[in-house]
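Q: Mapping of the sequence shown onto mature numbering (1 follows the signal peptide of the UniProt record, and there is no 0): residues -24 to -1, 1 to 149, in sequence order.
Glycine is no exception: its CB is placed at the ideal position from the N, C-alpha and C atoms.
Mind having a look at this structure? Questions to follow.
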Amino acid sequence: ALSILHLLITVLFCLKSMTNLCLTQSGHVFTGSTDGPKQYTYISTRKSWEDARSYCRQHHTDLAMIEDESENTAVASVLVSNQWAWMGLYRQAWRWSDDSDSQFTNWQSGEPNNVGGAQHCVLKFKSHQWNDRSCSNKHKFICHKGEVLFLNVPFGMFSLSLNFLFFLCQLQL
């Protein structure tokens, strides 16, 4: 019982003493999702939607896929003021870049409008709203990395899951 209490006190102390466990270095944020926690990263290089997706798949997991309002808000926190950024949504009955259906959207008023019949990819704005644009336009973008957070950290005779630490982070201890 003393070891478990010591473990919990140590974890709580570490979480309290860290400068914001949920928001890591600039341009990164951790969120929860139905598939577990994800790390979103803002990439300031301008690329077309296809090139951004290729970059994310090579260096992370994929372009950002936002499942609900809390993720939408968290992802907006990595964006620089007044900046648009590609995310993984594209027009084919609005699917994510991993080919899954989109269940959540947050379109800007009057969007999607498919101007000229050529706006098939989606940008996210700092204000949390989305806009369809031509996929060939070059913009900054947001990648996500998922399953890499499923690591265990040895702690004496226990093993702390980063998922557990993420859960504590979400409680905002």
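1. Among residues of its own chain, excluding the 5 on either side of GLU87, which ones have a beta-carbon nearer than 7 Å to its beta-carbon?
2. Reducing DSSP to helix, strand and coil, say where ALA69 ends up.
3. Going by alpha carbons, who is nearest to GLN59 out of ARG33, LYS102, GLN34, LYS14?
4. Any idea which residues DSSP pairs LEU55 with across the strands?
5. Under 7 Å Cβ to Cβ from SER57, same chain only, skipping five residues before and after it: list those, please.
6. Going by other Cβ atoms of all chains shown within 10 Å of its Cβ, with 16 needed for buried, is ILE118 buried or exposed?
7. Would you check if there are 3 or more beta carbon pairs closer than 8 Å linking the segment 43 to 51 to the segment 64 to 80?
8. So, with DSSP's three-state summary, where would you put MET133?
9. Residue range of the alpha helix (DSSP H) that CYS32 falls in?
10. Leaving aside the five residues before and after TYR66 along the sequence, list all residues of the same chain whose C-beta is less than 6 Å from its C-beta, in chain order.
11. What does DSSP give as the partner residue(s) for CYS97 in the beta ladder?
12. Give me the residue from LYS23, GLN15, LYS121, LYS14 with the minimum Cα distance to TRP62.
13. Could you pull the start and end residues of the beta strand (DSSP E) that PHE117 belongs to?
14. Go ahead and label VAL91 buried or exposed: buried means 16 or more other beta carbons lie within 10 angstroms of its beta carbon, across all protein chains shown.
15. Run the CB neighbour count on LYS100, radius 10 Å, all protein chains shown included, and call it buried at 16 or more, exposed below.
A: A quick look at the data gives this:
1. TRP106, ASN107, ASP108
2. coil
3. LYS102
4. The partner list for LEU55 (beta bridge, DSSP) is empty, contrary to what the question assumes.
5. LYS102
6. buried
7. yes
8. Confidence is the limiting factor: at MET133 the pLDDT is only 46, short of 50, which leaves the residue's position unreliable, though a coordinate-based value still follows. Note: MET133 maps to coil in three-state DSSP.
9. 25 to 35
10. HIS96, CYS97
11. TYR66, ARG109
12. LYS23
13. 115 to 121
14. exposed
15. buried
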